[in-house]
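Everything below concerns the one structure shown next.
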DNA sequence: GCGCCGCCTTGATCCATGTCAAGTCGATCC
DNA sequence: GGATCGACTTGACATGGATCAAGGCGGCGC
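Residue numbers (the working numbering), protein chains in the order written: chain E, 122 to 361; chain C, 122 to 361.
In structure tokens form, the structure reads like this:
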């Protein structure tokens with residue numbers, strides 16, 4: 122019998138790709154074992170909702186693989202993506218049973234889930250998890266506030282460059298030198314637009330403009346080569 | 122000898138105006154006494170910085186009275202106010218000794234301060250404080266993400282109306298009926314502009330436009346009367 | 001009272017970005 | 001191969017809000 126990929130991961134937290142960055146990162150062996158015993162994996166196919174705003178949400182989770190978005194939508198259909206969730210990012214809110222955002226799988230997603238109640242109890246008793254959770258919350262808060270600067274003050278070009286640099290950073294590429302970097306954009310043009318508070322056409326135009334200026338190359342629409350990251354980052358010298 | 126207002130407050134947490142909303146809100150008597158023993162008051166005059174970005178910050182604090190802002194500034198001087206802090210709001214980040222934002226006193230400020238290290242220890246041992254802190258962090262995160270929707274998607278008029286309704290809500294007015302409401306704007310036009318991602322002229326024009334439409338009256342530039350809050354809120358029917 | 005100074009308002013104009021409308025490109029299916 | 005479809009790009013034009021500029025108004029010192 123074939124073991125599914127999910128089952129496979131279940132067997133082995135030690136080799137989990139997000140072991141050292143997710144909610145379990147600051148845990149000692151004892152806490153780690155408890156988390157291990159509680160966890161269960163869940164797959165969500167690309168395009169599907171993980172949870173909808175206002176919905177009851179009785180799990181919290183870490184993203185093991187894939188990309189998700191947090192978003193809010195106005196009644197007349199304007200949408201703002203308020204967060205892009207990458208592997209190791211945390212989903213859900215301990216101490217609250219309903220969801221404030223729409224959470225959508227952008228790609229196929231593997232989630233490492235915990236039922237909320239037992240997880241909350243564990244947070245109470247396990248100081249490593251507790252500290253990590255608090256740190257995650259404050260890190261997210263700082264990130265959200267930084268994004269407010271982007272949404273409120275930056276030009277369309279600066280927004281695009283900021284986004285590209287964010288992807289470069291989160292790609293955690295080993296190279297330190299100013300080698301050309303190739304990145305796969307985790308979001309479609311439409312999702313980028315929504316994340317950056319722009320329209321899809323403006324995103325597309327700015328990407329073309331950066332290409333014309335030699336700051337990026339477009340291998341495909343979603344695959345970008347940055348010949349010189351420091352030159353791209355220099356576009357932000359007035360922002361930041 | 123005259124006792125200053127700060128000294129006066131020091132003597133009596135029980136009658137503290139933010140007792141039931143600040144970091145101490147979920148504490149039992151024992152925790153409360155510990156906080157009480159640790160706390161010290163600090164006054165900051167209007168216009169002065171509480172802390173600057175990158176600065177070392179060895180205290181955390183609750184706002185007892187007054188208004189402060191969190192903000193970020195680009196190197197070329199564009200500024201985004203990322204948060205408006207009102208009485209009971211929390212300043213600082215346990216587990217981190219430096220400050221990510223500029224924090225400024227908009228009005229004269231009374232802060233209830235705790236040295237960070239002992240406070241962190243108390244967070245470890247006192248579950249009421251710990252829970253409150255986590256809740257505060259997640260509430261702030263939700264608020265920040267809601268603000269991202271405002272910055273990214275709403276029109277200037279919707280932004281202004283959202284701000285006015287925010288002030289109404291935080292004013293915690295006792296009336297439930299649709300009585301006319303009078304509010305004092307905590308921020309100048311300039312600060313409103315920065316908070317809403319607009320320019321001062323646009324803020325001013327939108328305020329005038331709301332006045333012409335009979336949705337608000339301007340007793341002075343900073344003192345607003347809202348004859349019918351539900352009619353004002355109806356301006357947001359497409360947003361939200 | 002008068003002059004000064006911040007803060008706010010209003011008007012005229014501009015421009016970055018949105019909107020509307022065609023394409024183009026690449027993948028998939030038959 | 002060609003039809004189809006979704007994702008992206010490009011062009012032409014419109015516009016909301018920014019920018020530039022000129023007052024108005026209220027508080028404060030003298």
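Even glycine gets a Cβ: it sits at the ideal position worked out from N, Cα and C.
Original post:
Could you give the C-beta distance for residue 204/C and residue 255/E, rounded to a whole number, given that I count them as a contact under 8 Å?
Top reply: With a Cβ gap of about 18 Å, residue 204/C and residue 255/E do not count as contacting.
**OP:** Please list, in chain order, all residues of the same chain as residue 321/E whose beta carbon is under 6 Å from its beta carbon, the five residues on each side excluded.
**Re:** 310, 311 and 314
**OP:** Go ahead and label residue 144/C buried or exposed: buried means 16 or more other beta carbons lie within 10 angstroms of its beta carbon, across all protein chains shown.
**Re:** buried
**OP:** Within the same chain, show all residues whose beta-carbon is closer than 6 Å to that of residue 308/E, passing over the 5 residues directly before and after it, in chain order.
**Re:** none
Original post:
Going by the beta-carbon positions, is the gap between residue 365/C and residue 230/C smaller than 7 Å?
Top reply: The question about residue 365/C has no answer, for chain C in this structure spans 122 to 361.
**OP:** Would you list, in chain order, the members of the segment 167-200 of chain C that have their beta-carbon closer than 8 Å to a beta-carbon of chain E?
**Re:** 191, 193, 195, 196, 197, 199 and 200
Original post:
Nearest-angstrom Cα distance between residue 137/E and residue 290/E?
Top reply: 21 Å
**OP:** Measuring only between beta-carbons, confirm whether residue 356/E sits less than 7 Å from chain C.
**Re:** no
**OP:** Return the CA-CA distance between residue 150/C and residue 287/C, expressed in angstroms with no decimal places.
**Re:** 33 Å
Subject >> Counterpart residues of residue 233/E in DSSP-defined beta bridges >> reply: 162/E and 183/E
Subject >> Residue environment, residue 271/E, which counts as buried when at least 16 other CB atoms sit within 10 Å >> reply: buried
**OP:** Would you list the one or two residues that DSSP bridges to residue 192/E?
**Re:** 202/E and 223/E
Original post:
For residue 177/E, is the classification buried or exposed, using 16 other Cβ atoms within 10 angstroms of its Cβ as the cut-off for buried?
Top reply: exposed
**OP:** Could you tell me whether any Cβ in chain E is nearer than 7 Å to the Cβ of residue 146/C?
**Re:** no
Original post:
Does the count of Cβ pairs from the segment 346-357 of chain C and the segment 218-237 of chain C closer than 8 Å reach three?
Top reply: no
Original post:
Along chain E, which residues have their Cβ under 7 Å away from the Cβ of residue 269/C?
Top reply: 201, 203, 265, 268, 269 and 272
**OP:** Compare the beta carbon distance of residue 161/E and residue 234/E with 7 Å and say whether it is the shorter of the two.
**Re:** yes
Original post:
Do you know offhand how far residue 260/C's Cα is from residue 359/C's?
Top reply: 24 Å
**OP:** Determine the contact status of residue 180/E and residue 226/E, defining contact as a CB-CB distance below 7 Å.
**Re:** no
**OP:** Quick one: using the 10 Å Cβ neighbour count with 16 as the cut-off for buried, is residue 201/E buried or exposed?
**Re:** buried
Subject >> Sub-7 Å separation of residue 222/C and residue 191/C beta-carbons >> reply: yes
**OP:** Output the distance between the C-alpha atoms of residue 264/C and residue 347/E, rounded to the nearest integer angstrom.
**Re:** 35 Å
Subject >> Nearest-angstrom Cα separation, counted from residue 196/E out to residue 210/E >> reply: 28 Å
**OP:** Can you tell me which of 153/C, 139/C and 135/C puts its alpha carbon nearest to the alpha carbon of residue 248/C?
**Re:** 153/C
Original post:
From the beta carbon of residue 261/E, is the nearest beta carbon of chain C less than 7 Å away?
Top reply: yes
**OP:** Scan the segment 283-316 of chain E and note each continuous beta strand (DSSP E) run of 3 residues or more that stays entirely inside, going in chain order.
**Re:** 302-305
**OP:** Go to residue 324/E, then tell me how far its alpha helix (DSSP H) extends in each direction, as first and last residue.
**Re:** 321-333
Original post:
Is any beta-carbon of chain C found at less than 7 Å from that of residue 214/E?
Top reply: yes
Original post:
How many Å lie between residue 213/E and residue 155/C at the Cα?
Top reply: 32 Å
Original post:
Are residue 253/C and residue 146/C close, meaning C-beta to C-beta below 7 Å?
Top reply: yes
Subject >> Closer than 7 Å to chain E by CB, residue 322/C >> reply: no
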